[in-house]
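Contents: one structure, followed by commentary.
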Amino acid sequence: MTTAIDPVDLAARLIACPSVTPARGAVFDVLEEALTPLGFTVHRFILGEAPDGPVENLFATRGTGAPHFAFAGHLDVVPPGEGWASDPFTPDLRGGLLHGRGAVDMKGDIAAFVAACADLDHQGTLSLIITGDEEGPATYGTPAIMEWMAARGIRPDMILIGEPTSEDRLGDIVKIGRRGSVNMWITIPGVQGHVAYPHRADNPVPRAAKAIAALEAIHLDDGSDSFQPSNLEITALETSSKATNVIPGAAIVQLNIRFNNLQRGADLVDLVRRTAEEAVPGATVEAKISGEAFLTPPGPIYEIVSAAIEAETGQKPRLSTHGGTSDGRFLIALCPVVDFGLPNATMHKVGEHARVEDIHALSRIYRRVLEKVFA
Ligand SMILES: [Zn+2]
């Protein structure tokens, strides 16, 4: 009944479906057509409206009972950008490399999931949690799948996210947690006026500079055993007017904090609010917490993934919490989560490509993980 799957061929077919975030439709058809003959029951649902949607999500599952192991990932991709040597949505195999938007982030990894599952006989439950919005705001993405799962009492025991975490070679890095991220916008009020009549205006820009200096002076923490120190970066300074002869009526300071597991997003917002108000009375702060920091507690998923990588590559991976965030920030609410996938050197770049041999080796590593989980 089951058949072998060539992960490179499946990755190419996924790349051939343009799926710039938020994604739905054809790219999910390809995945469903690959999974159904393998005995998976596939649920698909489209949610939301522009600008954050519509988003398609897919939950596929095979078997029943414990253990319940799930792969997680996303089929949306970032926009291709200009300057590709070949069409970004026409998979191009040359020199042992598969070129195309999504080759490493993360259609190659999802194809490796499917190939690893294909002809595996197992007890327990094997699922795939696949969203069409990881690269965007995720409003209708993984959190929506989790709601759908919760309503049906579905809860995996461990989740492997296939984000491209490897750096110099396949298997060198496994992510066991991620930093949190929060964006904030501080509005410094002023009174608009003519530059020639400053006594009739109130310039917010010098006060914005004061607020920035106060924010830059904050020492958040020294990092923890598993995380680097939390970091605040000013990312933009805007004024309500750009005219050369106008004192602007307001200035807006935009900042981002990447934070470790010693911090909580809401506390950081309070800290920035207090600091800004102290430096500049009347300053107001808006904030959007993209995700809290998380760390998977030590447990079997570490050892299983590490051992599978070592068996395939001959080298143990390094466990890391560096880099950007992932949907692990949501999924950690369910069970232990690790991130492991292809080398990420070209992700989000023009000319994104994966080594064909890496896609095959990744699917063999995933296969070893499954054999151990379901042994
Ligand atoms: Zn990704």
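Counting from 18, one number per residue, gives the positions in the sequence shown under my numbering.
The beta carbon of each residue, even a glycine, is placed where N, CA and C say it ideally should be.
Check your understanding: For residue 56, which residues from the same chain have a beta carbon less than 6 Å from its beta carbon, with the 5 sequence-adjacent residues on both sides left out?
Key -> 79
Review point. According to DSSP, is residue 386 helix, strand or coil?
Key: helix
Point to revise | Coil, strand or helix - residue 95 by DSSP | key: coil
Point to revise | For residue 392 and residue 61, the rounded distance between their alpha carbons | key: 30 Å
Review point. How would the residue list near ligand 1 read, in chain order, if you kept each one whose beta-carbon is closer than 6 Å to any heavy atom?
Key: 91, 122, 123, 151 and 180
Review point. Considering only C-alpha positions, which residue in the set 310, 219 and 384 is nearest to residue 263?
Key: 219
Exercise for review: Please classify residue 259: is it buried, with 16 or more other beta-carbons within 10 angstroms of its beta-carbon, or exposed?
Suggested key: exposed
Practice item. Decide if the stretch 99–114 is in contact with the stretch 164–180; the criterion is three or more beta carbon pairs, one per stretch, under 8 Å apart. Key: no
Check your understanding: Just the Cα atoms here: how many angstroms apart are residue 297 and residue 290?
Key -> 10 Å
Practice item. Could you tell me the boundaries of the beta strand (DSSP E) in which residue 152 lies? Key: Here residue 152 belongs to no beta strand (DSSP E), and DSSP marks it neither H nor E.
Check your understanding: Skipping 5 residues on each side, what residues in its chain have a beta carbon closer than 8 Å to that of residue 229?
Key -> 251, 254 and 270
Review point. So what's residue 365 in DSSP terms, helix, strand or just coil?
Key: coil
Check your understanding: Who are the Cβ neighbours of residue 156 in its own chain at under 8 Å, not counting the five residues just before and after it?
Key -> 65, 69, 70, 72 and 150
**Study point:** Best match in 200, 91 and 267 for proximity to residue 223 [C-alpha to C-alpha]
**Key:** 267
Practice item. Determine the direct distance from the alpha carbon of residue 135 to that of residue 19, and round the result to whole angstroms. Key: For residue 19, the predicted structure reports a pLDDT of 49, less than 50, and the residue's modelled location is therefore unreliable. A value from the coordinates is still provided. When rounded, the distance between both Cα atoms is 7 Å.
Check your understanding: For residue 372, is the classification buried or exposed, using 16 other Cβ atoms within 10 angstroms of its Cβ as the cut-off for buried?
Key -> buried
Exercise for review: Could you say which of 48, 39 and 36 lies nearest to residue 26 if we only look at CA atoms?
Suggested key: 48
Review point. Nearest to residue 325 by alpha carbon, out of 185, 385, 366 and 86?
Key: 385
Practice item. Tell me whether the beta-carbon of residue 81 lies closer than 8 Å to the beta-carbon of residue 142. Key: yes
Exercise for review: Along the beta strand (DSSP E) that carries residue 337, what are the first and last residues, could you check?
Suggested key: 335–337
Practice item. Specify the secondary structure class of residue 19 as computed by DSSP and reduced to three states. Key: Because residue 19 carries a pLDDT of 49, less than 50, the predicted location of this residue cannot be relied on, and no value is offered for it.
**Study point:** Entirely enclosed alpha helix (DSSP H) segments - the stretch 230–310, minimum 4 residues
**Key:** 282–296
Check your understanding: Closest to residue 111 by CA distance: which of 237, 388 and 369 is it?
Key -> 369
Practice item. Can you check the stretch 171–221 for any alpha helix (DSSP H) of at least 4 residues that lies completely inside it and give the ranges in chain order? Key: none
Practice item. Return the residue from the list 54, 88, 308 and 300 that minimises the CA-CA distance to residue 356. Key: 88
Exercise for review: List the endpoints of the continuous beta strand (DSSP E) containing residue 58.
Suggested key: 58–64
**Study point:** Bridge-paired residues (DSSP) for residue 147
**Key:** 75 and 90
Review point. For residue 214, is the classification buried or exposed, using 16 other Cβ atoms within 10 angstroms of its Cβ as the cut-off for buried?
Key: exposed
Check your understanding: residue 100 to residue 367, Cα distance in whole Å?
Key -> 7 Å
Review point. If you compare alpha carbons, which of 354, 31, 285 and 167 is closest to residue 343?
Key: 354
Check your understanding: Where in the stretch 318–359 do unbroken runs of the beta strand (DSSP E), each at least 3 residues long, occur, reported from the N-terminal end onward?
Key -> 335–337 and 354–356
Review point. Hey, would you say residue 38 sits closer than 8 Å to residue 152, going by beta carbons?
Key: yes
Review point. Apart from the five residues on each side of it in sequence, which residues of its chain come closer than 6 Å, Cβ to Cβ, to residue 30?
Key: 47
**Study point:** Counterpart residues of residue 312 in DSSP-defined beta bridges
**Key:** 194
Exercise for review: Would you kindly work out how many angstroms separate the C-alpha atoms of residue 387 and residue 133, rounded to a whole number?
Suggested key: 8 Å
Review point. Residue 163 by DSSP, collapsed to three states: which one?
Key: helix
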